[in-house]
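> Residue numbers (UniProt numbering): 1 to 150.
Even glycine gets a Cβ: it sits at the ideal position worked out from N, Cα and C.
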């Protein structure tokens with residue numbers, strides 16, 4: 001009796017072993033820096049969208065209470081203390097750096113403006129999150145759409 005092929009037990013065993021390797025071993029081989037920058041980018045994306053929504057709801061694009069402030073290690077609402085309903089959510093990145101530093105405001109349609117020069121963005125703005133050579137990018141298009149753009 002000469003059978004060719006694999007038994008069901010052999011196939012299930014291989015699938016289980018590959019799954020275990022995929023879940024536990026591969027993330028350790030790629031390093032934590034990749035995960036750190038992706039997590040930072042995703043947290044930044046969430047906070048940026050939240051600040052943008054608050055800015056849309058405020059009906060005053062020149063109001064500094066709902067600006068998105070990006071520094072080398074932080075991203076979030078403007079920490080200006082003279083605001084009642086400010087966008088206070090901030091995310092601080094431990095060991096992850098962000099560039100470029102920028103302060104943005106949004107109009108009623110959610111379109112981004114450079115808060116310093118008060119000019120509307122005309123090109124895609126890319127924020128780069130980096131740590132030890134690992135990078136992840138967050139993009140903002142001129143119409144106000146934030147997205148991961150790696």
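1) Would you give the residue range spanned by the beta strand (DSSP E) that residue 76 belongs to?
2) Using the three-state DSSP reduction, which class does residue 115 fall into: helix, strand or coil?
3) By how many angstroms is the C-alpha of residue 17 removed from the C-alpha of residue 140?
4) Can the beta-carbon of residue 71 be found less than 7 Å from the beta-carbon of residue 101?
5) Restricting to Cα atoms, I'd like to know which of 113, 131, 23 is closest to residue 93.
6) Looking at residue 105: is its Cβ nearer than 7 Å to the Cβ of residue 57?
7) Just confirm the distance between the C-beta atoms of residue 123 and residue 137, as a whole number of angstroms; I'd bet it's less than 8 Å.
8) Going by the DSSP bridge assignment, what does residue 131 pair with across the sheet?
9) Could you give the DSSP three-state label for residue 71: helix, strand or coil?
10) By a C-beta neighbour count over all protein chains shown, 10 Å radius and 16 as the cutoff for buried, is residue 170 buried or exposed?
11) What is the DSSP secondary structure of residue 4, reduced to helix, strand or coil?
12) Assuming residue 122 is part of the beta strand (DSSP E), what are its boundary residues?
13) First and last residue of the alpha helix (DSSP H) that includes residue 45?
On the basis of the data shown:
1) Looking at the DSSP string, the run of the beta strand (DSSP E) that includes residue 76 is 74-77.
2) The answer is coil: DSSP assigns residue 115 none of H, G, I, E or B.
3) Cα-Cα distance, rounded: 41 Å.
4) Yes, they are a contact pair.
5) Taking residue 93 as reference, the option from 113, 131, 23 with the minimal CA-CA separation is 131.
6) Residue 105 places its beta carbon 7 Å or farther from that of residue 57.
7) Wrong, their Cβ atoms sit about 14 Å apart, outside the cutoff.
8) Its beta-bridge partners are 134.
9) If DSSP states are grouped into helix, strand and coil, residue 71 belongs with coil.
10) This structure cannot speak to residue 170, because the chain is shown only from 1 to 150.
11) Reduced to three states, the DSSP call for residue 4 is coil.
12) In this chain, residue 122 is not harboured by any beta strand (DSSP E), its DSSP state being neither H nor E.
13) Element bounds for residue 45: 32-58.
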